[in-house]
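S.K.: Using our numbering, the letters of the sequence shown correspond one by one to residues 1072 to 1487.
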Amino acid sequence: MKRHKKTTSRGSGQLSRRDFIASAAAVSFTVLKPSLVRGTEANSKVKLGMIGCGMRGKWITDLFVKHGGYEIFAAADYFQDRVDELGEQFGVDKNRRFATLSGYKRLLDSGVDAVAIETPPYFHPEQAAAAVDAGVHVIVAKPIAVDVPGCNLIGESGKKATAKNRVFYVDFQTRANEFYREAVKRVHFGDIGHIVCGEASFKCGDVWNSWNPVEHLLKENPNDPETRLKAWGMDKKLSGGIIVEQTIHAIDVAAWLIDDDAVSAYGAGGRKHYKQGDIWDYFAVLYQFPKDVVVNCMAKQCDGGDFGDIGCTMYGLDGAIDTHYGGAVAIRGNNPYKGGETGNLYPEGTSANIAAFYDDITKSNFANTTVPPSVRSNLTSILGRNAAYKHTVVTWDEMIKANEKLESDVIKGLKA
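(1) Looking at the secondary structure, which residues open and close the alpha helix (DSSP H) in which G1420 lies?
(2) Looking at the structure shown, is L1485 part of a helix, part of a strand, or coil, going by DSSP?
(3) Runs of 4 residues minimum, wholly inside the region 1203-1227: which ones carry the alpha helix (DSSP H) assignment?
(4) Using a Cβ-Cβ cut-off of 8 Å (strictly less than) and excluding sequence neighbours within five positions of N1292, which residues of its own chain qualify?
(5) Could you spell out the range, first to last residue, of the alpha helix (DSSP H) harbouring V1154?
(6) Report yes if the C-beta distance between K1476 and P1220 is below 8 Å; otherwise report no.
(7) Over what stretch of residues does the beta strand (DSSP E) that includes E1142 continue unbroken?
(8) For G1382, which residues from the same chain have a beta carbon less than 8 Å from its beta carbon, with the 5 sequence-adjacent residues on both sides left out?
(9) Closest to D1189 by C-alpha separation, out of D1323, V1267, I1122, would be which residue?
(10) Indicate the three-state DSSP secondary structure (helix, strand or coil) for N1439 in the structure shown.
(11) In or out: N1474 buried (at least 16 other Cβ within 10 Å) or exposed?
(12) How many whole angstroms separate the CB atoms of H1208 and R1237, which I take to be in contact at a CB cut-off of 8 Å?
(13) May I ask which residues mark the beginning and end of the alpha helix (DSSP H) holding F1260?
(14) Consult DSSP for D1480 and reduce its assignment to one of helix, strand or coil.
(15) Going straight from the alpha carbon of F1437 to that of N1449, what length do you get?
(16) Check whether the region 1278-1290 touches the region 1167-1185, counting contact only when three or more Cβ pairs, one atom from each stretch, lie closer than 8 Å.
(17) List the DSSP bridge partners of E1297.
(18) Should E1469 go down as buried or exposed, given a rule of 16 or more other Cβ atoms within 10 Å for buried?
(19) If you draw a straight line from the C-alpha of E1142 to the C-alpha of K1118, how long is it?
Following this line, the structure appears as structure tokens:
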């Protein structure tokens, strides 16, 4: 079979474990260009500001420290106790710890070179845009937004960052993995032939209460804004819902493989497990892509057996690709690829992205190629969510034209 090479994004390149280890080992010997890092001298570390000091914020801060090329210079969170806990753990000066909703703005004025945004997704677009305007480099967690206007703002911020010679990076762990990259590259070469259909799924138990028990807080104080902020994962507008906040991992792989915008989606779902908040805990969505490609997406967050998985399988005329977050990635058919186990992908993929973010800063790579595919995947997730809640077919063009913005009433009751 003749292969036709297709231009792919940065996420399709192969990254070996040896390359990753070598990159990490070279950190302490890198000389930073003074023009790339505000307020620092050559041979110094990137001064990083942490925006969001909750559970994942503290977890990822430790990975930045272990990388070796960053100084945890400042921290911001709505809750003062969370800022102080992170600050004490990682040696952040008390004068550079900022609380309340506007704390991130003071952080941006504190002399940071870069920021990591780990707040609830509702806040990502505004905080990322402010960071770019302030002239600092940005790495942001997925999902990048909860609505279409937010996705558009992230896209604009990525372009503006490039124009200002600043890095803007989105942290999707699968796109940093060598087996995912190689397998996707082979699919884009034509190894499984024309894709006809596929499946994308995120099937798991009670994510929010297993990571950070919050339902009891909402039960006791269901209308308290600060309680609702702490339990943001149970809030559709703050989190985007499970199909945007979690299932996006699998949807991103599907969009990466197909490399095109969806045409439409039809979905359904409901709420049987979660008793507090307003998110649904299960979805079934059928996506239609160009060239009559159909993808079935299933998401659930409720107990009931141990057949959990975060996976994406695509079937072509000459083979199939099967991928699993934290499991195996392989291609079968006329052009097989053995692939391999992705291992402990959550920390390893995040660490690889932290290293890539540092390399982009120090090597003047301002192409910011992770932004457009992340915007596409986020919009695809939103399309599925909207179709399910409306119980009807929603087209991509209708969604973009409607440009619906989610406004959270939680914000009105919080300290500015």
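Beta carbons: idealized from backbone N, C-alpha and C, even for Gly.
M.R.: Once the coordinates are examined:
(1) Residue range 1416-1433 is occupied by the alpha helix (DSSP H) that includes G1420.
(2) Here L1485 sits in coil by DSSP.
(3) Entirely contained in the region 1203-1227, not one alpha helix (DSSP H) run reaches 4 residues.
(4) For N1292, where only same-chain residues beyond five positions count, the Cβ hits under 8 Å are T1298.
(5) Following the DSSP letters along the chain, one finds V1154 inside the alpha helix (DSSP H) bounded by residues 1151-1161.
(6) Yes.
(7) E1142 -> beta strand (DSSP E) spans 1141-1147.
(8) Excluding sequence neighbours, G1382 sits near E1270, A1271, S1272, A1321, D1393, T1394, H1395, Y1396, G1398.
(9) This sequence places Glu at residue 1189; Asp is not what is there. E1189 has its Cα closest to that of I1122, out of D1323, V1267, I1122.
(10) It is coil, neither helix nor strand.
(11) So N1474 ends up on the exposed side.
(12) Cβ atoms of H1208 and R1237 come within 8 Å of each other, at about 5 Å.
(13) From DSSP, the alpha helix (DSSP H) with F1260 extends over 1249-1260.
(14) Looking at D1480 - three-state DSSP - the assignment turns out to be coil, as it is neither helix nor strand.
(15) The alpha-carbon of F1437 is positioned some 22 Å away from that of N1449.
(16) Verdict: no, contact absent.
(17) Looking at the DSSP assignment, E1297 forms no beta bridge with any residue, so it has no partner.
(18) Under the 10 Å beta carbon count, E1469 is surrounded by fewer than 16 other beta carbons and is classified as exposed.
(19) The alpha-carbon of E1142 is positioned some 5 Å away from that of K1118.
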